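Colleague: There's a structure below that I have some questions on.
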Amino acid sequence: MTTRADSIEAYAHLWQASSGPHRWVLWTTAEETMVFDRELNCPEDVDEPILGEVMRRMREVGVPETGEYPGRSCGRSYADRP
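Counting in the numbering used here, the sequence shown runs from 2 upward without gaps.
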(Lines of atoms letter the chains of each structure in order from A; the text may use other names.)
(Lines give C-alpha, C1' and ligand atoms only; values in the text may rest on other atoms or scores of the structure.)
Protein backbone atom coordinates (compact mmCIF):
# COMPACT_ATOMS: atom_id res chain seq x y z
CA MET A 2 0.00 0.00 0.00
CA THR A 3 1.31 3.47 -0.90
CA THR A 4 1.35 5.98 1.93
CA ARG A 5 1.35 9.77 1.78
CA ALA A 6 5.04 9.80 2.76
CA ASP A 7 5.86 7.44 -0.12
CA SER A 8 3.96 9.73 -2.48
CA ILE A 9 5.84 12.83 -1.28
CA GLU A 10 9.22 11.12 -1.57
CA ALA A 11 8.46 10.38 -5.23
CA TYR A 12 8.93 14.14 -5.73
CA ALA A 13 12.18 14.45 -3.73
CA HIS A 14 14.11 15.33 -6.90
CA LEU A 15 12.23 18.66 -6.94
CA TRP A 16 13.91 19.94 -3.77
CA GLN A 17 17.32 18.28 -3.88
CA ALA A 18 20.31 20.60 -4.29
CA SER A 19 21.78 21.13 -7.72
CA SER A 20 25.22 22.31 -8.77
CA GLY A 21 23.89 24.58 -11.54
CA PRO A 22 20.80 26.68 -12.01
CA HIS A 23 17.66 25.18 -10.53
CA ARG A 24 15.73 23.10 -13.01
CA TRP A 25 12.49 23.44 -11.03
CA VAL A 26 11.15 26.72 -9.65
CA LEU A 27 7.95 27.81 -7.95
CA TRP A 28 5.95 30.02 -10.30
CA THR A 29 3.20 32.16 -8.80
CA THR A 30 0.55 33.33 -11.23
CA ALA A 31 -2.56 35.37 -10.47
CA GLU A 32 -4.50 32.12 -9.97
CA GLU A 33 -2.06 29.67 -8.39
CA THR A 34 1.46 28.66 -7.48
CA MET A 35 2.88 25.73 -9.38
CA VAL A 36 6.09 23.80 -9.81
CA PHE A 37 7.67 24.73 -13.15
CA ASP A 38 10.24 22.63 -15.00
CA ARG A 39 12.62 25.02 -16.76
CA GLU A 40 14.29 22.22 -18.73
CA LEU A 41 11.04 20.99 -20.30
CA ASN A 42 9.60 24.54 -20.24
CA CYS A 43 6.26 23.54 -18.70
CA PRO A 44 4.58 23.03 -15.32
CA GLU A 45 5.50 19.84 -13.45
CA ASP A 46 2.56 17.56 -12.67
CA VAL A 47 2.33 17.24 -8.87
CA ASP A 48 -0.62 15.46 -7.25
CA GLU A 49 -2.94 18.06 -5.71
CA PRO A 50 -3.27 16.40 -2.27
CA ILE A 51 0.48 16.74 -1.63
CA LEU A 52 1.30 19.88 -3.66
CA GLY A 53 1.41 22.06 -0.53
CA GLU A 54 3.94 19.79 1.18
CA VAL A 55 6.07 19.53 -1.96
CA MET A 56 6.16 23.35 -2.25
CA ARG A 57 6.94 23.71 1.47
CA ARG A 58 9.95 21.41 1.10
CA MET A 59 11.10 23.25 -2.03
CA ARG A 60 10.90 26.60 -0.22
CA GLU A 61 12.71 25.16 2.79
CA VAL A 62 15.80 24.39 0.68
CA GLY A 63 15.71 27.70 -1.20
CA VAL A 64 14.25 26.74 -4.57
CA PRO A 65 13.64 30.03 -6.41
CA GLU A 66 10.12 31.45 -6.47
CA THR A 67 8.95 34.00 -9.00
CA GLY A 68 5.88 35.78 -10.29
CA GLU A 69 7.48 36.21 -13.71
CA TYR A 70 7.31 33.49 -16.35
CA PRO A 71 10.32 31.29 -15.48
CA GLY A 72 10.52 29.52 -18.83
CA ARG A 73 12.37 30.24 -22.01
CA SER A 74 11.13 31.54 -25.32
CA CYS A 75 10.10 28.96 -27.88
CA GLY A 76 13.05 27.59 -29.83
CA ARG A 77 15.60 28.52 -27.15
CA SER A 78 17.27 25.72 -25.23
CA TYR A 79 17.79 25.67 -21.47
CA ALA A 80 21.58 25.67 -22.04
CA ASP A 81 21.32 28.95 -23.98
CA ARG A 82 19.84 30.80 -21.00
CA PRO A 83 22.05 33.46 -19.40
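Glycine included, each C-beta is placed from N, C-alpha and C at the ideal position.
Just so we're clear, the structure is a prediction, and the values are computed from it rather than from any experiment.
Can you check DSSP and say which residues form a bridge with W16?
Modeller: Walking along the sequence shown from the start, residue 16 turns up at place 15. Paired residues: none, contrary to the question.
Colleague: Please tell me whether V26 and F37 are closer than 8 Å, where the distance is taken between their beta carbons.
Modeller: Within the sequence shown, the letter at position 25 stands for residue 26. Within the sequence shown, the letter at position 36 stands for residue 37. Closer than 8 Å, so yes.
Colleague: Given this structure, state the Cα-to-Cα distance separating R39 from E45, to the nearest angstrom.
Modeller: Here residue 39 refers to the residue found at position 38 of the sequence shown. Here residue 45 refers to the residue found at position 44 of the sequence shown. Looking at the two C-alpha atoms, the distance is approximately 9 Å.
Colleague: What number of angstroms, rounded off, separates the C-alpha of E33 from the C-alpha of R60?
Modeller: Here residue 33 corresponds to residue number 32 of the sequence shown, with the count starting at 1. Here residue 60 corresponds to residue number 59 of the sequence shown, with the count starting at 1. Going from the Cα of E33 to the Cα of R60 covers about 16 Å.
Colleague: Would you mind reading off the limits of the alpha helix (DSSP H) that contains V55?
Modeller: For the purposes of this step, residue 55 is identified with residue 54 of the sequence shown, where counting begins at 1. Looking at the DSSP string, the run of the alpha helix (DSSP H) that includes V55 is 49–61.
Colleague: Who are the Cβ neighbours of T29 in its own chain at under 6 Å, not counting the five residues just before and after it?
Modeller: Reading the sequence shown from its first residue, position 28 is the one you call residue 29. The answer, listed in chain order, is G68.
Colleague: Between G72 and the rest of its own chain, which residues show a CB-CB distance below 7 Å, the 5 nearest in sequence each way excluded?
Modeller: Reading the sequence shown from its first residue, position 71 is the one you call residue 72. Around G72, the same chain offers F37, R39, N42 as residues with beta carbons nearer than 7 Å, after the five sequence neighbours per side are excluded.
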